[in-house]
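Q: Once you've had a glance at the structure underneath, I'll fire off some questions.
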Amino acid sequence: MENATKLCGTVEGYENISFVLGGFQCIFFNVDSNPKAFTTLPQNQGFILGRTAGQKYVYIYSNEDLKVWNELTLNTWGYFVSSSPDITSYKAICFEGGILNKLFFQSSIIVDYTDTGAERIENCFFECQPLMGEYISRKQIDELVKYRNTITHGSFMPLDNKIAETAFVLMELVYCCILKRIGLTDKVIKDLFKRHLIS
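Written as C-alpha cells, this is what we have:
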C-alpha cells in the first residue's frame, strides 16, 4: 500500500475507522487451500466485505461481485476498515481526497448514479436539447457509467465512439445548465452552441 493516502474518520455509533485511498492492491484468499470452485464475494450496497490480517472487517468500494479462485489480487482505489460487519448500520461514510470524493448516505450508498440522477439528467435534456441540438438516451448514459465504473476499478475496456460521444454531449449539457443558471437567455445559449463556441 505504498503511496496510499490514509485518512481517519468517525462513522456515527462506531469506533474510528481508517480510510485508504490511492493506487494499491488488496489480496483475498479462498478459505479452502485446494478449492474446487470459486468463491463469490458479494457486493453489499456498493462494497465488497473482506477481512484484514488483524480480523477487522474491510469494505472495498466496488460496482460488482468478485469471484475468487485460489487467490485474487484486487486493484482498487478506496476502502475502509471497521469493527462492524454491518454496512447498513452506518449513517454516513465519507471518503475525501484521492479519486473518490463523495459522502455516502445510507439511503444512497448503493451507487453514485441512481434512477433519480438519471431522471434529473433527462429533465435537463428536455429543457436544453433544443438549445444544444444534441440528444442522448438513458441507455447511452447507463453505458457510459458502466464503462467508467469498469475502468475505474482497474479493468480495461476499449473506448468506442458512442461512449466518447455520450461523454462529450454530457459535458455540453453541463455547460448549458451553467449558462442558464448564470442568466443567459435561451437565444444567446442556442447561438453559442450553433457557433460551436461551447464545444
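With our numbering applied, the sequence shown corresponds to residues 9 to 207, in that order.
Note that CB positions come from ideal geometry on N, CA and C, so glycine has one too.
Need the endpoints of the alpha helix (DSSP H) that I171 sits in, please.
A: Taking the first residue of the sequence shown as 1, we reach residue 171 at position 163. Taken as a continuous stretch (DSSP letters only), the alpha helix (DSSP H) holding I171 covers 169-189.
Q: Per the contact definition of three or more C-beta pairs closer than 8 Å, is the stretch 185-197 in contact with the stretch 148-155?
A: Judged by Cβ distances under 8 Å, the stretch 148-155 makes no contact with the stretch 185-197, as fewer than three pairs qualify.
Q: By the DSSP assignment, the alpha helix (DSSP H) with L200 in it spans what residues?
A: As a position in the sequence shown, residue 200 is number 192, starting the count at 1. Where L200 is concerned, the enclosing alpha helix (DSSP H) stretches over 194-202.
Q: Count the other CB atoms within 10 Å of the CB of M179; is the residue buried (16 or more) or exposed (fewer)?
A: Taking the first residue of the sequence shown as position 1, residue 179 is located at position 171. By the neighbour-count rule (16 or more Cβ atoms within 10 Å), M179 is not buried but exposed.
Q: The ligand SAM and L139: does any heavy atom of the ligand fall closer than 6 Å to the residue's C-beta?
A: Absence of the ligand SAM from the depicted structure is noted, as is the absence of any ligand whatsoever, leaving it without description.
Q: Please work out which residues of its chain come closer than 7 Å, Cβ to Cβ, to M165, disregarding the five sequence neighbours upstream and downstream, and give them in chain order.
A: Here residue 165 refers to the residue found at position 157 when the sequence shown is read from its first residue. So the qualifying residues of the chain are Y155, T158, I159.
Q: Give every residue of the same chain whose Cβ lies closer than 6 Å to the Cβ of M8, excluding the five residues on either side of it in the sequence, and list them in chain order.
A: Shown here, the chain extends from 9 to 207; a query on residue 8 therefore has no answer.
Q: Between V177, Q137, L152, which lies nearest to I171 when the distance is taken from Cα to Cα?
A: Residue mapping note: residue 171 aligns to position 163 of the sequence shown, counting from 1. Taking only the C-alpha atoms, the option nearest I171 is L152.
Q: Using only the alpha-carbon positions, how far apart do Y67 and F176 sit?
A: Against the sequence shown, residue 67 aligns to sequence position 59. Against the sequence shown, residue 176 aligns to sequence position 168. If you take the alpha carbons of Y67 and F176, they lie about 33 Å apart.
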